[in-house]
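Below you'll find the structure, written out as structure tokens, and then a few comments.
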Amino acid sequence: MLNTNRNILFKAAILALCVISVVHVFLFPLYDGKRVTPRTYGDFELTLCSINIKSRKVWRLSRCPQDGIVTILLGGRLGNQMWEYASVWAVARRTGLEPYVPRCIRNRLKEIFDMLTVPGFEDIAHCPVEFKTFVNSIEEWTSTNQSIILPRYTLQPELVLTWVQDIRQEFHFNKEIRNKAQRVLLDLSRKLPRKEYTFVGVHVRRTDYQGYLDRKYGEKLVTKAFFINAMNYFNSKYSNCLFIYVSDDPGWCSKQFGRMKNVFVASNENSPAEDMAILSYCNHTIYDYGTFGEWGALLAGGETIYLNMTQNMRKGTGKFMNWIPMK
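See below:
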């Protein structure tokens, strides 16, 4: 009995050695330790967003890009996201690469604008992505085989403003937001004597900017004097000016300017999109800081007075004779 068990164990050991030998000889050469399953653009999109977006189980299957693409990392709120979208749009137009915007940016903008043409990653989510072909700016880009991932908070004013009329079409407010903004201006004008009014949108940014100004520039928030000087400019040039203030601190605006007969402070119940739409439907613009006021002015057209300090738009306003810095 003991000898029988020993024979069984011996045969089992021999069989195990044979199996190991076969695996080693025939299967190991087929394994490449450096080979990694290609990541797809669907996976890649998740890395572009600093907020969670759901990974979709079903994607539309379209052709994969033959050349590189242009995309961007998410950063900031509405004004920043508009710059990020516009920068992808403009860089793609300049280079001929295909533009794609991650859902964390595009879905937010789709809630506000109804004529966006830059697609998301849905159509190419199944396609493999080659990270070695990416650069981070148009200056580094040398070949149509390369893709460009623009950093978050990217601004391309010199490039975007080359096609400002076209980018205004991209940021066309949806019907609900348009109607509400137009109703604000119409209701205001109906409360006043019947005249041909000049609407001047004024954007005042305060609550979150004090610390930023102090850290980056050693500056304090702009005073009432800047807005008074800007309003005086418009009052001297145009008749029947109405100044429409939108702000993250409407209480400060009401305290400083609320007693002026031609000043109206918009409700703090408006959404940021509604505030921007109000600015866009004005004839001219005054703003102190930030990308939100910049876009309000760009969409409005007309003359713009902006604070004379380090501003994004100073890089591109040479294209506009009617953008005037003021202290």
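If you're matching positions, the sequence shown starts at 1 in UniProt numbering and goes up one per residue.
Don't be surprised by glycine CBs; every beta carbon is placed ideally from N, CA and C.
So, for residue i: in the same chain, excluding its five sequence neighbours on each side, which residues have a beta-carbon less than 8 Å away from its beta-carbon?
| i | result |
| --- | --- |
| Leu307 | Val222, Phe226, Tyr287, Asp288, Tyr289, Pro325, Met326 and Lys327 |
| Leu30 | Summary for Leu30: the model assigns pLDDT 36, below 50, so the residue's position carries little reliability, and this model does not support an answer. |
| Asn145 | Asp67, Gly68 and Thr133 |
From residue i to residue j, what distance separates their C-alpha atoms?
| i | j | result |
| --- | --- | --- |
| Ser271 | Tyr100 | 27 Å |
| Gly49 | Cys127 | In the sequence as presented, Gly is not what sits at residue 49; that position holds Cys. Answer to the nearest angstrom: the Cα atoms are 19 Å apart. |
| Val200 | Tyr85 | 26 Å |
| Arg106 | Thr162 | 22 Å |
| Val204 | Asn174 | 24 Å |
| Tyr209 | Gly302 | 26 Å |
| Arg206 | Lys191 | 29 Å |
| Thr95 | Arg63 | 20 Å |
| Asp114 | Thr47 | 26 Å |
| Asp249 | Gly258 | 13 Å |
| Asn232 | Val160 | 31 Å |
| Val25 | Glu130 | Because Val25 sits at a pLDDT of 36, beneath the cut-off of 50, its placement in the model cannot be relied upon, and the point is left open. |
| Tyr217 | Thr142 | 35 Å |
| Asp166 | Asp275 | 22 Å |
| Ser21 | Arg39 | Unreliable placement is indicated for Ser21, whose pLDDT of 47 sits below 50; the coordinate value is still reported in the next sentence. Straight-line Cα distance between these residues: approximately 34 Å. |
From the DSSP output, in three-state form, read off residue i for me.
| i | result |
| --- | --- |
| Gly201 | strand |
| Ser87 | helix |
| Val160 | helix |
| Phe243 | strand |
| Thr95 | helix |
| Trp252 | helix |
| Thr304 | strand |
| Thr71 | strand |
| His24 | Caution applies to His24, whose pLDDT of 40 falls short of 50 and renders its modelled position unreliable; the value that the coordinates give is listed next. Three-state DSSP puts His24 in a helix. |
| Tyr217 | helix |
| residue 330 | Any question about residue 330 goes unanswered here, given that the chain covers just 1 to 327. |
| residue 336 | Here the chain comprises residues numbered 1 to 327, so residue 336 is not present and cannot be evaluated. |
| Met82 | helix |
| Glu196 | coil |
For residue i, which residues from the same chain have a beta carbon less than 6 Å from its beta carbon, with the 5 sequence-adjacent residues on both sides left out?
| i | result |
| --- | --- |
| Phe134 | Ser147 and Ile149 |
| Ser254 | Val265 |
| Lys34 | Model confidence at Lys34 stands at a pLDDT of 41, short of 50, so the residue's coordinates are unreliable; what they give is reported in the following sentence. Cβ neighbours of Lys34 beyond the five flanking positions: none. |
Please state if the CB of residue j and the CB of residue i are separated by a distance shorter than 7 Å.
| i | j | result |
| --- | --- | --- |
| Leu155 | Trp252 | no |
| Leu185 | Tyr281 | yes |
| Val202 | Tyr245 | yes |
| Tyr197 | Phe121 | no |
| Ile69 | Val88 | no |
| Ala273 | Ile112 | yes |
| Glu98 | Pro151 | no |
| Pro102 | Glu45 | yes |
| Ala90 | Ala181 | no |
| Leu78 | Cys104 | no |
| Arg168 | Leu299 | yes |
| Gly211 | Tyr153 | no |
| Asn136 | Thr291 | no |
| Gln256 | Lys224 | yes |
When every heavy atom of the ligand MG is checked, does at least one fall within less than 6 Å of the C-beta of residue i?
| i | result |
| --- | --- |
| Asp275 | By its list of ligands, the structure shown contains no ligand whatsoever, and the ligand MG lies outside what it can speak to. |
For residue i, collect the residues of the same chain with a Cβ closer than 7 Å to its Cβ; drop the 5 residues on either side in sequence, then sort them by chain order.
| i | result |
| --- | --- |
| Asn262 | Cys241, Leu242 and Phe243 |
| Ala230 | Ile286, Ile305 and Met326 |
| Gly293 | His203, Arg205 and Tyr287 |
| Ile177 | Ile112, Ala273, Glu274 and Ala277 |
Start and end of the beta strand (DSSP E) containing residue i?
| i | result |
| --- | --- |
| Leu150 | Ser147 to Leu150 |
| Pro272 | That residue, Pro272, is in no beta strand (DSSP E); its alpha helix (DSSP H) goes Pro272 to Ser280. |
| residue 376 | A query on residue 376 cannot be resolved here, the shown segment of the chain reaching from 1 to 327 and no further. |
| Val265 | Val263 to Val265 |
Note the first and the last residue of the continuous alpha helix (DSSP H) segment covering residue i.
| i | result |
| --- | --- |
| Thr291 | Gly290 to Ala300 |
| residue 338 | Residue numbering for the chain in the displayed model covers 1 to 327; residue 338 lies beyond these limits and cannot be assessed. |
| Met231 | Lys224 to Lys237 |
| Phe131 | Looking at the DSSP string, Phe131 is not in any alpha helix (DSSP H), and its letter there is neither H nor E. |
| Trp44 | Before going further, note that residue 44 is Phe rather than Trp in the sequence given. First-last of the alpha helix (DSSP H) with Phe44: Tyr41 to Thr47. |
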